[in-house]
Amino acid sequence: MTDISYQSQPQEVEASLGDYFALLKPRVMQLVVFTAVVGLLAAPVQVHPVIAVASILFVAIGAGASGSLNMWWDADIDGVMRRTSKRPIPAGKVTPDEAKVFGFALSGMSVMMLALSANLLAAALLAFTIFFYVVIYSMWLKRLTPQNIVIGGAAGAFPPVIGWVIATGSMSLEPWLMFALIFMWTPPHFWALALFMKSDYDDAGVPMLTVTHGRKSTRKHILAYTIPLVVLAVGTAFTSIGGPVYLVVALVLNALFFKGAYDIWRRDEAQAEADDYKVEKSVFRLSLWYLFLHFGAILAEALLPAAWGIWA
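Take 161 as the starting number for the sequence shown in our numbering and just add one per residue.
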């Protein structure tokens, strides 16, 4: 951890179940579960429902373990940043040691149980994902380089690959297309947030791009990453996990997202401050729907043939 001054509120009451659940970062967990489910169902191999549900549960627990360990390590800066100051540790509801033990326990359990319910390759990928998020991103990259979000985004991109491997026990191109979609989406998503969360990263000493290279450069980077993201997202429509439904969704979403990134690039800070970062906030909100709807379209393409067969 850094030398940022940090003092949590004194722990006056025993932590509740809700406090421990908050350590799991449930909002992040929702995205992990959803993309893992899409990866599993998009695979060309059917999985017994009990095995599928159990395996996804262990992936979710592994994601939650990562969140708990991340909060343990980042307790010092979480107490400084407005966006994270109400998390269980800075709020004094859970101690850092409790979060650490909780995270390590869940990590071991999730990996072992996924190996038993699915296969060793899926368990190895889950273990690597936890390691990548906690060690490579949280402990190393986050406080070292403005490219923290770019490289660290890989941790959030593994769930569809794990889902695919749960079903097939092997690798192929398709899950890595889903991986690339999340990986390329992550930088413009977080940089749009960083633009209007003006002082958080400065106060915490986190070398976000807005801090190290300035806001004008960040705006350029958002557009620069959005262009290949658009190409990748639309191009996926012409692969085995794409199709007409996905193509329509991708064309609409990427037209809107590119326009938003272009509008961010054209603006300066004076314009942004004048309307309270209206465009940046709009693009950030769109980015939340962007990933969900793309993966929803992949899921629809996977399920529609079976549904059509039932009704035909």
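Even for Gly, the Cβ is constructed at its ideal location relative to N, Cα and C.
What does a CB cutoff of less than 8 Å around residue i pick up in its chain, not counting 5 residues either side in sequence?
| i | result |
| --- | --- |
| residue 392 | 337, 340, 341, 344 |
| residue 188 | 223, 227, 316 |
| residue 285 | 318, 321, 322, 325 |
Tell me which residues share the same chain as residue i and place their Cβ nearer than 7 Å to its Cβ, disregarding the 5 neighbours each side in the sequence.
| i | result |
| --- | --- |
| residue 234 | 298 |
| residue 394 | 410, 411, 414 |
| residue 366 | 237, 302, 303 |
Nearest to residue i by alpha carbon, out of the options?
| i | options | result |
| --- | --- | --- |
| residue 196 | 258, 443, 282, 410 | 282 |
| residue 174 | 193, 252, 216 | 252 |
| residue 272 | 254, 222, 433, 294 | 222 |
| residue 321 | 305, 446, 445, 202 | 202 |
| residue 190 | 368, 452, 460, 461 | 452 |
| residue 417 | 442, 353, 265, 177 | 442 |
| residue 211 | 434, 405, 460, 326 | 326 |
Would residue i be called buried (16 or more neighbouring beta carbons within 10 Å of its own) or exposed?
| i | result |
| --- | --- |
| residue 402 | buried |
| residue 181 | exposed |
| residue 219 | buried |
| residue 215 | buried |
| residue 200 | buried |
| residue 267 | buried |
| residue 455 | buried |
| residue 331 | exposed |
| residue 387 | exposed |
Quick check on DSSP: helix, strand or coil for residue i?
| i | result |
| --- | --- |
| residue 443 | helix |
| residue 437 | coil |
| residue 461 | helix |
| residue 428 | coil |
| residue 367 | coil |
| residue 161 | Its pLDDT being 44, under 50, residue 161 is placed unreliably by the model, and nothing is read from it. |
| residue 289 | helix |
| residue 116 | Because the chain in this structure spans residues 161 to 472, residue 116 falls outside the shown range and cannot be described. |
Within a Cβ cutoff of 6 Å, which residues of the same chain sit near residue i, ignoring the five residues on either side of it in sequence?
| i | result |
| --- | --- |
| residue 382 | 348, 351, 421, 424 |
| residue 260 | 232 |
| residue 244 | 238 |
| residue 312 | 297, 301 |
| residue 462 | 201, 202 |
| residue 230 | 298 |
| residue 396 | 337, 402 |
| residue 379 | 424, 425 |
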